[in-house]
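This report refers to the structure that appears directly beneath it.
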Amino acid sequence: MRKWKSNARLTLSYALLLLISVVAIYPALWVVLSSLRPGGSLYSEHFWPRQFTLVHYAELFTSKAYLYGAWYLNTLKIAVVTMILSTILVTLSMYALSRFRFRGRKTALTVMLVLGMFPSFMSLIAIYIILLQLNLLDTHMALILVYSAGAALGGFIVKGFFDTIPRSLDEAARIDGASHLQVFAKIMLPLSKPMLTYVALTSFTGVWGDFIFARLVLRTKENWTVAVGMWDLVNSLQNSNFTMFAAGSVLIAIPITLLFIFLQRFLVQGLTSGASKG
Amino acid sequence: MKQHRTIAVLLSIVLQGLGQIYNRQWLKGILFMLLEVAGFIYIAPRLGGAIWGLVTLGEKTQKFVKVGKMAQMVKGDHSIFLILDGLILLFLVFVLLGVYAWNITDAYRSGKLRDELKPVRTFRHSYEHATTFYFPYFMLALPALGVLFFTIMPIVFTVMLAFTNYSAPDHIPPAKLVDWVGFKTFTDLVKMKSWSHTFVGVLIWTIIWAVLATVTTYFGGILVALLIEQKGIRFKKLWRTIFIIPYAIPQLISLLVMKNLFNGQFGPINQYLGYFGLGGLPWLTDPFWAKVTVITVNMWIGIPVSMVLILGILTSIPRDLYEAADVDGASTLQKFRIITMPFILFSTMPILIMQFAGNINNFNVIFLLTGGNPAKGDYQFAGATDLLITWLYKLTLDNNKYNVASAVGIIIFLIVAIFSIWNFRRSKSFKEEDMIQ
Chain P
1 MRKWKSNARL TLSYALLLLI SVVAIYPALW VVLSSLRPGG SLYSEHFWPR
51 QFTLVHYAEL FTSKAYLYGA WYLNTLKIAV VTMILSTILV TLSMYALSRF
101 RFRGRKTALT VMLVLGMFPS FMSLIAIYII LLQLNLLDTH MALILVYSAG
151 AALGGFIVKG FFDTIPRSLD EAARIDGASH LQVFAKIMLP LSKPMLTYVA
201 LTSFTGVWGD FIFARLVLRT KENWTVAVGM WDLVNSLQNS NFTMFAAGSV
251 LIAIPITLLF IFLQRFLVQG LTSGASKG
Chain H
1001 MKQHRTIAVL LSIVLQGLGQ IYNRQWLKGI LFMLLEVAGF IYIAPRLGGA
1051 IWGLVTLGEK TQKFVKVGKM AQMVKGDHSI FLILDGLILL FLVFVLLGVY
1101 AWNITDAYRS GKLRDELKPV RTFRHSYEHA TTFYFPYFML ALPALGVLFF
1151 TIMPIVFTVM LAFTNYSAPD HIPPAKLVDW VGFKTFTDLV KMKSWSHTFV
1201 GVLIWTIIWA VLATVTTYFG GILVALLIEQ KGIRFKKLWR TIFIIPYAIP
1251 QLISLLVMKN LFNGQFGPIN QYLGYFGLGG LPWLTDPFWA KVTVITVNMW
1301 IGIPVSMVLI LGILTSIPRD LYEAADVDGA STLQKFRIIT MPFILFSTMP
1351 ILIMQFAGNI NNFNVIFLLT GGNPAKGDYQ FAGATDLLIT WLYKLTLDNN
1401 KYNVASAVGI IIFLIVAIFS IWNFRRSKSF KEEDMIQ
C-alpha cells in the first residue's frame, strides 16, 4: 500500500515536471523554429516547419529598412563601456561603505536605499532636459552616462559580499605596512572576482534589456539600440515580418542566455547573499 | 592662549584660505583662495538671474515683433530651463558653502594646534593624513558626483515640477509660460472627478497586480523547487537547467515574443484552441483577459527566479531537523509545514517585500506585453492594465502632462519607500553588520 502510494506520487511528479518543462521551453523553441521558417507570417499551420531556411538571418543584415547590424554593434558598444564604468563605480563605493566606518556612513546608506526606490523614469523629463542642455541627445555617450552614473545605487548585494570577507585579512596587511589602496587592489579585488563578475554581467544585460531611456534619448534610426529596434519591429509590422523579428530575437537571446547559464552560479550566489544581507 | 585659533577663524571667515595662510599653510591657503575666487567669478553674475528665474519662472513669452516689414521672432523666457539652471546653480552654491565651512573648521583646528604649541601640518603631511583617514571619502567622491547630478538633481527637479502647471496644451514653453501652483496638482488628482477616477482605478489595479504577481511567483517557485528536490526524483540537475531557461532569456525578448504568442488573430495559442474546437480568447484585447495574461506571463518569467532562490535555501536547512522529525513520526506534510515553510519564509522575507515593491514598478511586463491596453474610455490617458508607473510614462511621453506625471511619481515613491525603509531597517544588514568579523 505504501509502495503504491509513493509510486503514484512519483509518477504524478514526473508528469508535472514534464508539463512545466514544455511550458518553459515552448516559447523559446517556437521562436527559433519560426526564425527558420520560410515566409514572413506569424501564422503557420505546423509547429515544425516543412522546410528550413536561413534567409531571415541574412535579411536582417542586408535589409535597408532594418539596420540590425548597426543596432547590434551600438548596443554592444554601449553595454561594454557601461559595464566597465559601473563595475568600477559600484566596487569603489560599496567597498568604502562596507569596510570603513566614517561619519555620515549610515546616512549615506539610507539615502542610497531611498534613491534606489525612485522609479527611474520619474526623473525622465529632468534627464531629458539636462541632456538637451549638454547637447547630448541622440548620442550613445548620453546613455552610457545615465546608465553608469546611477550604478552605485544598485550595489547593496556587493556590499553584502564585502561584508563577509574577514576583516582580519586587511588588518594583517595594514600591519605589514600596506596602504589602503594596496589592500584594496592586491587583496580585496582578487577575492571579489565572483561578485565583480556578477555586477559586470547584470549591468551588461541591463543595457540589452533597457528600452525606456534608449527610446527617449536615441532619435535617429542608425543610432538605435537593439531593444528600440526590436520593439519597433513588433509594433510596426507585427504579422507581416514576424520571422525576421524571430531571427533578430534569437541573435540577441542566444549569446546572453549562454552567458547567463555559464555564469549561473555567480548569479545564484548574488541572489542568496542578497537574501541574508538585505 | 586662544589667540591663534580666533584670529585664524576670523580671517577664514573674511576670506576663504586667509586663516590657513596665517597658520603658515601656504599651499592649502592659496588653493582655498583660488577656489573661492573661481566660485565667486562664476556664481556672482548668475545668482540674481537664477533666483529671479526660480521665483517668477519667466515673465515674457516668445513672440513675433515687427522689424520694418519682416516679422521677427523674439525669444521669450523658457520656464523649464529657468528651473533647471537655477537648480544647478543652487547645487553649486551648496557645494561651495560646504567647502567654506570646511575651510573655517580647518583654520580653527590648525589654530588650536598652534595655541597648544604643537607643529602645524605641512601640505605633504595633510595629504598623507587625508589619504589615510579620509580614504573612504576619496573612493566615494566619484560615484557620489554621478548620483548627485544624474539621480538627486533630476529627482529634486521632478518634485518641483509637481508644484507647477507644466502640461499640455496651455503651459508648454517656449510658447507659453509655466507658473507655480502649489498643491493644486495633487488636490486635482484627488478631487477632480475625471482624474480621481483614473487615479483610484489605476492605483487599485497596481496593488492587486503587485500582490498577485508576488504571491504567484513566490509560491510557484516553492512548488517547483520542492517538486525537484523530492526524494526519488532523478535527473535533478537536468530539470533545474530546463526550468532556468525562462530566467536566462532577456526579458525584452521573451515579452515581445509572448506578445506574439498571445496574439488574438494569428497567435499559436488561439490556433491550438481552434484545433480543439474551442474559440480563441481575446488575450490582449479584453480588459479581464489582458489582466489574466499579464499575470500568467509574469509567472513564466518570475517563477524561475524564486525557484533558484528557494533551491539555495532548501540546501541550507539542517538535515538533523528532518531526522528528529522522522524519529517523532511526522508525516511529509507536517515536516513541510513545521520545518520547511517557516525556514523558507524566514530567509526570504526581505526579498519577498523587495519583490512586492519591485512589482509595483514593474514597467517592462506591462509596457512590452499590453502597453497598458486595452484602452478604457472613462480613463484619462490610461488603459485597463496600466500600472501607476506606465500611466506616468504615458502622461509624460505621449500626453505632456508633466505636472500630473510628477505628482503620480511622488505618490509611487512614497508607497515604495515606506515598504523598503521598513524592510531595510529590520533586515540584518543594518542591525548586525558590525558583528561580522
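Chains as they are written, first to last, in our numbering: chain P, 1 to 278; chain H, 1001 to 1437.
C-beta: ideal position from N, C-alpha, C; glycine also.
For clarity, every value in this text was computed on a predicted model and none was experimentally measured.
C-beta neighbour in chain B for residue i, strict 8 Å
| i | result |
| --- | --- |
| threonine 1293(H) | Within the model displayed, chain B is absent; protein chains P and H are what it includes. |
Best match in the options for proximity to residue i [C-alpha to C-alpha]
| i | options | result |
| --- | --- | --- |
| methionine 195(P) | Ala178(P), Arg215(P), Leu18(P), Gly160(P) | Gly160(P) |
| threonine 1122(H) | Ser1196(H), Gln1025(H), Ile1313(H) | Gln1025(H) |
| valine 1224(H) | Asp1106(H), Leu1388(H), Met1307(H), Lys1184(H) | Met1307(H) |
| glycine 209(P) | Lys221(P), Met230(P), Leu218(P) | Met230(P) |
| leucine 259(P) | Leu201(P), Tyr72(P), Thr164(P) | Leu201(P) |
| valine 1404(H) | Ala1044(H), Asn1023(H), Val1181(H), Gln1062(H) | Val1181(H) |
| leucine 216(P) | Leu251(P), Leu143(P), Trp30(P), Asp170(P) | Leu143(P) |
| arginine 101(P) | Phe1183(H), Ser1167(H), Leu1140(H) | Leu1140(H) |
| isoleucine 1351(H) | Ile1313(H), Gly1371(H), Val1327(H) | Ile1313(H) |
| isoleucine 252(P) | Tyr43(P), Tyr68(P), Tyr26(P), Leu54(P) | Tyr68(P) |
| glutamine 1062(H) | Ala1071(H), Val1055(H), Val1292(H) | Ala1071(H) |
| isoleucine 1253(H) | Ala1325(H), Leu1368(H), Gly1329(H) | Leu1368(H) |
| valine 146(P) | Val114(P), Ala70(P), Gly248(P), Ile212(P) | Ile212(P) |
| threonine 164(P) | Thr82(P), Thr139(P), Leu191(P), Met141(P) | Leu191(P) |
| isoleucine 1418(H) | Val114(P), Pro255(P), Tyr66(P) | Val114(P) |
| alanine 1144(H) | Asn223(P), Ser93(P), Lys5(P) | Ser93(P) |
| isoleucine 1411(H) | Thr1206(H), Lys1176(H), Leu1047(H), Ile1242(H) | Thr1206(H) |
Interface flag, residue i vs chain H, CB-CB below 8 Å
| i | result |
| --- | --- |
| serine 276(P) | Confidence in serine 276(P) is poor, its pLDDT being 41 and thus under 50, which makes the residue's placement too unreliable to answer from. |
| alanine 15(P) | no |
| glutamine 51(P) | no |
| methionine 117(P) | yes |
| glycine 154(P) | no |
| leucine 124(P) | yes |
| phenylalanine 161(P) | no |
| glycine 209(P) | yes |
Separation of residue j from residue i, as counted between CA atoms
| i | j | result |
| --- | --- | --- |
| methionine 1354(H) | tryptophan 1209(H) | 15 Å |
| lysine 193(P) | isoleucine 1030(H) | 43 Å |
| alanine 246(P) | alanine 1248(H) | 17 Å |
| leucine 189(P) | tyrosine 95(P) | 10 Å |
| valine 1037(H) | arginine 1109(H) | 23 Å |
| leucine 1281(H) | leucine 1256(H) | 19 Å |
| phenylalanine 1138(H) | serine 179(P) | 14 Å |
| tyrosine 198(P) | isoleucine 78(P) | 18 Å |
| threonine 1216(H) | methionine 1299(H) | 7 Å |
| phenylalanine 1336(H) | leucine 137(P) | 56 Å |
| valine 1408(H) | threonine 1198(H) | 12 Å |
| leucine 1096(H) | valine 1055(H) | 22 Å |
| serine 1347(H) | alanine 1330(H) | 23 Å |
| tyrosine 1393(H) | serine 1420(H) | 23 Å |
Within-8 Å CB hit, residue i to chain P
| i | result |
| --- | --- |
| leucine 1010(H) | no |
| asparagine 1263(H) | yes |
| lysine 1176(H) | no |
| asparagine 1403(H) | no |
| tryptophan 1239(H) | yes |
| tyrosine 1218(H) | no |
| glycine 1019(H) | no |
| isoleucine 1152(H) | yes |
| methionine 1435(H) | With a pLDDT of only 38 at methionine 1435(H), under the threshold of 50, the placement of this residue in the model should not be trusted, and no figure is reported. |
| threonine 1158(H) | yes |
| valine 1224(H) | yes |
Give me the subset of the stretch 1409-1420 of chain H whose CB atoms are less than 7 Å from a CB atom of chain P, sorted by chain position.
Gly1409, Ile1412, Phe1413, Val1416, Ala1417, Ser1420
Three-pair Cβ contact test at 8 Å for the stretch 1095-1110 of chain H versus the stretch 1007-1020 of chain H
yes
Check whether the stretch 1381-1401 of chain H and the stretch 222-229 of chain P are in contact - that is, three or more C-beta pairs closer than 8 Å.
Touching, no, given that fewer than three Cβ pairs across the two stretches are closer than 8 Å.
For the 8 Å Cβ check, are there 3 or more pairs between the stretch 1357-1368 of chain H and the stretch 1237-1246 of chain H?
Flag = no, the stretch 1357-1368 of chain H and the stretch 1237-1246 of chain H do not touch.
Inter-stretch contact at 8 Å, needing at least 3 Cβ pairs: the stretch 19-33 of chain P / the stretch 41-49 of chain P:
yes
Do the stretch 1390-1403 of chain H and the stretch 1168-1177 of chain H touch if we need at least three Cβ pairs shorter than 8 Å?
yes
Taking contact to mean at least 3 C-beta pairs separated by less than 8 Å, is the stretch 1182-1191 of chain H in contact with the stretch 1258-1273 of chain H?
no
Output needed in chain order: residues of the stretch 218-231 of chain P with a Cβ under 9 Å from some Cβ in chain H.
Val226, Ala227, Met230, Trp231
Short-range partners of chain H found in the stretch 167-181 of chain P, where Cβ spacing is below 9 Å:
Arg167, Ser168, Ser179, His180, Leu181
Which residues, in chain order, does the stretch 80-103 of chain P contribute to contact with chain H at a C-beta distance below 7 Å?
So the close ones are Leu89, Leu92, Ser93, Tyr95, Ala96, Phe100, Phe102.
If contact means a Cβ-Cβ distance below 8 Å, which residues of the stretch 1375-1403 of chain H contact chain P?
Ile1389, Leu1392, Tyr1393, Thr1396, Leu1397, Tyr1402
Given 8 Å as the limit, is there contact between the stretch 122-129 of chain P and the stretch 1142-1161 of chain H, that is, 3 or more CB pairs closer than that?
Contact holds: three or more Cβ-Cβ distances are below 8 Å.
Tell me, please, whether the stretch 1148-1156 of chain H touches the stretch 146-162 of chain P by the rule of three or more beta-carbon pairs shorter than 8 Å.
Between the stretch 1148-1156 of chain H and the stretch 146-162 of chain P, the count of C-beta pairs closer than 8 Å reaches three or more; the two stretches touch.
Can you give me, in chain order, the residues of the stretch 8-40 of chain P that have a beta carbon less than 9 Å from any beta carbon in chain H?
Residues Arg9, Leu10, Ser13, Tyr14, Leu16, Leu17, Ile20, Ser21, Val23, Ala24, Ile25, Tyr26, Pro27, Ala28, Trp30, Val31, Ser34.
Which residues, taken in chain order from the stretch 1243-1257 of chain H, show a beta carbon closer than 9 Å to some beta carbon of chain P?
Taking 9 Å as the upper bound on Cβ-Cβ separation, chain P lies near residues Phe1243, Ile1244, Ile1245, Pro1246, Tyr1247, Ala1248, Ile1249, Pro1250, Gln1251, Leu1252, Ile1253, Ser1254, Leu1256, Val1257 of the stretch 1243-1257 of chain H.
Interface positions of the stretch 1117-1142 of chain H facing chain P (Cβ-Cβ less than 8 Å), listed along the chain
Thr1131, Thr1132, Tyr1134, Phe1135, Pro1136, Tyr1137, Met1139, Leu1140, Leu1142
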